[in-house]
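Notes to accompany the following structure.
2 protein chains.
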Amino acid sequence: MKDPANPTSRTPEDDRLRRRIGPTIRDVARMANVSIGTVSKALNNNGSLKAETRERVIAVANALGFRPNSLAQSLHRRHSFTVGLISNDSFGRFTMPIAEGLEACLADRQIAVFMCNATDDPERERQHVEQLLGKRVDGMVITARRADRRPGLDGALRGLPVIYVFSQSDDPEAVCLLPDDEGGARMAVEHLIGLGRQRIAHITGPERFEAVRLRRDGYRQALTAAGLAEGEGYYLSGDWSEKWGYDAAARLFAHGREPPDALFCGNDQIARGAADALRERGIAVPEDVAIVGFDNWNVMTEASRPPLTSVDLNLRALGREAGRRLIAMIDGTPMRGVSRLPCTLVIRESCGAKTDTLTGTEDYA
Amino acid sequence: MKDPANPTSRTPEDDRLRRRIGPTIRDVARMANVSIGTVSKALNNNGSLKAETRERVIAVANALGFRPNSLAQSLHRRHSFTVGLISNDSFGRFTMPIAEGLEACLADRQIAVFMCNATDDPERERQHVEQLLGKRVDGMVITARRADRRPGLDGALRGLPVIYVFSQSDDPEAVCLLPDDEGGARMAVEHLIGLGRQRIAHITGPERFEAVRLRRDGYRQALTAAGLAEGEGYYLSGDWSEKWGYDAAARLFAHGREPPDALFCGNDQIARGAADALRERGIAVPEDVAIVGFDNWNVMTEASRPPLTSVDLNLRALGREAGRRLIAMIDGTPMRGVSRLPCTLVIRESCGAKTDTLTGTEDYA
DNA sequence: GCCAATTAGGAAAACCTTTTCCTTAACTGA
DNA sequence: TCAGTTAAGGAAAAGGTTTTCCTAATTGGC
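First to last, the sequence lines map onto chains V and R.
The first sequence runs contiguously to residue 365 in full-length UniProt numbering.
The second sequence runs contiguously to residue 365 in full-length UniProt numbering.
Encoded structure:
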């Protein structure tokens with residue numbers, strides 16, 4: 001049904017197509033009476049074109065609502081301006097702030113983020129990696145893998161920039177970004193010592209978490225540095241729940257022997273549970289016992305009575321930094337090894353100091 | 001520096017390139033001694049090829065680790081197998097389960113999800129939409145916009161499938177998917193009535209939220225249907241915090257007049273605050289007063305004493321359904337209007353019934 | 001008024017696949 | 001043996017853009 005009088009006129013059916021798909025660079029070229037190469041040059045501000053031509057082309061492109069096809073651009077440029085984020089906690093409480101920081105950083109550079117949830121299932125992870133590689137992502141971020149470090153994804157992604165955030169890899173060459181749990185704990189306990197506390201107990205989560213071990217180490221370092229002894233039975237490892245905090249505190253204060261004058265807790269839920277236990281026993285917080293939590297999860301810190309002093313992992317900052325490093329790697333800067341970013345101590349009422357915010361010092365491992 | 005004896009041999013420098021970028025269909029074709037068309041046919045299982053050829057090509061492709069370039073495929077197929085998700089609560093507590101459900105549904109169909117955070121800023125939203133359109137997404141999901149409905153994004157995305165989840169649009173044609181707040185509230189209150197409660201109060205969040213108004217309506221419908229009157233001062237609107245729940249409960253039970261025998265709360269934080277207030281007054285839950293919360297946020301429901309019965313919004317299911325509908329729209333099925341998905345009542349100890357899970361009936365508006 | 005140098009813009013290859021159409025060869029049946 | 005099918009696979013266009021190379025036109029210098 002082609003019009004033999006005008007063989008180039010694919011306008012009728014063409015137009016209908018375009019309406020669904022948007023105008024292409026050819027449409028702009030035709031309207032502006034130039035070649036498609038010229039349009040490209042005008043829009044990307046290179047080549048040598050008369051100013052008038054450039055402006056005219058741009059005007060036509062705007063009038064038509066032309067939007068360059070990123071897929072075609074990527075195909076040619078060998079960069080997709082796209083990265084993948086593989087989460088393992090089902091987009092949980094930890095992945096969210098990381099994703100937010102990452103996305104904010106990358107969005108500034110016009111890089112979009114594919115979000116995938118692998119739920120710690122190696123097979124799903126593999127599928128996602130496969131898909132992302134097919135889509136030619138420029139880089140990849142892996143977050144919140146479980147304690148048990150799995151072999152890297154190294155096989156498939158030869159040379160592709162990858163960064164593990166809040167998560168580790170077996171590969172010593174891998175780039176990992178983590179919060180400085182040890183430093184954060186040390187800071188919290190030093191703060192308590194600075195407030196005159198001498199008998200500081202530590203109630204925390206399951207030891208299979210590296211974070212638990214690191215926070216414990218930080219706790220002990222601070223005690224040792226101040227010449228304080230760790231009281232008998234003052235280190236209590238359980239699960240991450242309020243109930244455990246409540247029970248552990250009850251245990252600490254039920255004994256006949258001298259009770260602690262401060263509790264450093266492995267997370268805010270534990271801290272809140274402990275605070276509840278003390279309140280029910282008529283032990284005043286912070287007067288009799290100071291409490292410091294970990295995570296600075298405002299749902300907990302603010303609802304706790306009194307509001308909790310807590311260590312913030314700065315996950316948003318972690319995400320942003322991951323974005324920066326990934327961009328650097330994509331731009332060719334070589335990177336390797338594990339870095340830890342400082343935590344921040346957010347002071348509220350439960351420790352007896354005046355409200356403040358203290359940030360740890362950088363401590364790259 | 002071309003080898004005149006073998007003009008097609010781009011192997012030396014070519015190979016180095018390939019190593020970074022991976023083999024292309026040409027490499028497979030060359031290795032298998034067939035044309036690229038044949039490779040394509042072999043891998044996509046169409047065209048007419050001898051079984052032996054097909055297998056040989058596939059074997060070569062595997063050996064080379066060939067991974068088709070999605071960008072090139074999309075360019076040709078006019079489908080990118082990609083959708084955009086624009087969140088407005090900074091990947092908050094509500095977006096995440098929705099995203100999880102959506103991703104799970106779409107991943108089954110090999111569709112990847114771009115996640116963008118607009119933080120309720122129209123300008124950022126516009127930028128993200130622009131970027132996504134450039135990337136030629138097949139569809140778009142908008143979540144968790146604020147109460148104040150903003151004009152649709154309708155201008156730019158002529159004809160692109162868009163679905164609003166947990167969020168509304170001015171455009172009456174827009175496809176919206178929401179939880180059935182009203183039905184969920186009705187179910188909760190009917191459940192309390194069924195347990196013999198007669199004086200049921202409702203402590204809830206700020207009235208500017210449509211969810212608050214709908215839950216209140218459901219509450220009143222259930223009372224009316226059972227021939228019960230709403231007690232004087234039994235409806236209390238405040239903020240979403242534990243503190244408000246605590247204060248409101250204190251107010252309800254401090255008065256000289258007859259106290260409620262059940263509390264239906266607008267969210268779990270309020271419910272937990274109320275439970276704390278009652279416990280401190282020596283009022284037994286659920287014996288003296290039954291409590292039902294809303295959101296079924298396990299951090300709250302499980303830490304509350306006793307554990308909270310609560311209405312689950314089924315956000316994961318909402319996300320999955322959004323995925324299904326988006327796929328349908330992409331496949332050409334026309335859709336419009338607002339749908340609401342049923343909530344589920346998760347029964348724990350705070351209401352005095354035996355542990356159970358009840359799902360509301362479908363109720364499409 | 002002529003040659004060289006510069007400028008403006010076009011043509012076409014390249015990026016990687018898919019798909020349509022076409023050619024060749026082998027096979028079928030008479 | 002020959003015409004007519006069918007099977008197998010190749011060639012090339014298409015998809016939308018960027019970039020390199022090239023041509024034509026303009027300018028400047030003498």
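A virtual CB, placed ideally from N, CA and C, is assigned to each residue, including glycine.
{"Item": "At least 3 beta-carbon pairs within less than 8 Å: the region 69–83 of chain R vs the region 46–61 of chain R", "Value": "no"}
{"Item": "Three CB pairs or more closer than 8 Å across the region 243–258 of chain V and the region 271–287 of chain V", "Value": "yes"}
{"Item": "Stretch-stretch touch, CB-based, cutoff 8 Å, three pairs: the region 109–122 of chain V with the region 72–89 of chain V", "Value": "yes"}
{"Item": "Euclidean distance between Cα positions of residue 42 of chain R and residue 54 of chain R", "Value": "5 Å"}
{"Item": "Own chain residues within Cβ distance below 6 Å of residue 222 of chain R, not counting five before or after", "Value": "186, 189, 190"}
{"Item": "Option nearest residue 114 of chain V by Cα separation, candidates V:139, V:120, V:215, V:202", "Value": "V:139"}
{"Item": "Buried or exposed by the 16-neighbour rule on C-beta atoms within 10 Å, applied to residue 48 of chain R", "Value": "exposed"}
{"Item": "Contact with chain R by residue 136 of chain V, beta-carbon distance below 8 Å", "Value": "yes"}
{"Item": "Limits of the beta strand (DSSP E) - the one that residue 62 of chain V falls within", "Value": "Unbroken run through residue 62 of chain V is the alpha helix (DSSP H), 51–64; no beta strand (DSSP E)."}
{"Item": "Reduced DSSP category for residue 14 of chain R - H, G, I as helix; E, B as strand; rest coil", "Value": "Low confidence applies to residue 14 of chain R: its pLDDT is 47, below 50, so where it sits in the model is not reliable, and the reading given next is rough at best. In the structure shown, residue 14 of chain R sits in a helix (DSSP, three-state: H, G or I)."}
{"Item": "Neighbouring residues, chain V, relative to residue 91 of chain R (Cβ below 7 Å)", "Value": "96, 99, 100"}
{"Item": "Residue 235 of chain R - partner residues in DSSP beta bridges", "Value": "R:202"}
{"Item": "Backbone secondary structure at residue 351 of chain V - three-state DSSP", "Value": "helix"}
{"Item": "Residues of the UniProt domain \"HTH lacI-type\" (23–77) of chain R with Cβ closer than 9 Å to any Cβ of chain V, in chain order", "Value": "65, 67, 68, 69, 70, 71, 72, 73, 74, 75"}
{"Item": "8 Å Cβ cutoff, residue 242 of chain V in contact with chain R", "Value": "yes"}
{"Item": "First through last residue of the beta strand (DSSP E) which encompasses residue 178 of chain R", "Value": "175–179"}
{"Item": "CB contact below 8 Å: residue 115 of chain R versus chain V", "Value": "yes"}
{"Item": "Cut-off 6 Å between Cβ atoms - residues of its own chain near residue 102 of chain V, not counting five sequence neighbours on either side", "Value": "319, 322, 323"}
{"Item": "Nearest-angstrom Cβ-Cβ length linking residue 88 of chain V and residue 38 of chain V, presumed shorter than 8 Å", "Value": "Not really, about 49 Å apart at Cβ, beyond 8 Å."}
{"Item": "C-beta neighbour in chain V for residue 350 of chain R, strict 8 Å", "Value": "no"}
{"Item": "Within-8 Å CB hit, residue 303 of chain R to chain V", "Value": "yes"}
{"Item": "Complete runs of the beta strand (DSSP E) confined to the region 292–316 of chain V [at least 3 residues]", "Value": "309–312"}
{"Item": "Neighbour-count burial assignment, residue 354 of chain V, 16 or more Cβ in a 10 Å radius", "Value": "exposed"}
{"Item": "Cross-strand partners of residue 340 of chain V (DSSP beta bridge)", "Value": "V:178"}
{"Item": "Residue 309 of chain V versus residue 271 of chain V - alpha carbon distance", "Value": "9 Å"}
{"Item": "As assigned by DSSP and simplified to three states, the class of residue 87 of chain V", "Value": "strand"}
{"Item": "N- and C-terminal bounds of the beta strand (DSSP E) containing residue 217 of chain V", "Value": "From DSSP, residue 217 of chain V is part of no beta strand (DSSP E) but of the alpha helix (DSSP H) over 210–225."}
{"Item": "Three CB pairs or more closer than 8 Å across the region 237–245 of chain R and the region 200–214 of chain R", "Value": "yes"}
{"Item": "Cβ separation of residue 281 of chain R and residue 253 of chain R, assumed to be a contact under 8 Å, to the nearest whole Å", "Value": "6 Å"}
{"Item": "Start-to-end residues for the beta strand (DSSP E) that takes in residue 273 of chain V", "Value": "Element bounds for residue 273 of chain V: not the beta strand (DSSP E) but the alpha helix (DSSP H), 268–281."}
{"Item": "Residue 130 of chain V versus residue 159 of chain V - alpha carbon distance", "Value": "15 Å"}
{"Item": "Alpha-carbon to alpha-carbon, residue 269 of chain R and residue 122 of chain V", "Value": "36 Å"}
{"Item": "Chain R contact for residue 80 of chain V (CB, 8 Å cutoff)", "Value": "yes"}
{"Item": "As assigned by DSSP and simplified to three states, the class of residue 367 of chain V", "Value": "The structure shown does not extend to residue 367 of chain V, since chain V is modelled only from 1 through 365, so no value can be given for it."}
{"Item": "Contacts that residue 129 of chain V makes with chain R (C-beta to C-beta distance below 8 Å)", "Value": "The contacting residues do not exist; residue 129 of chain V stays about 11 Å from chain R at best."}
{"Item": "Contact under 8 Å by Cβ, residue 86 of chain V with residue 118 of chain V", "Value": "yes"}
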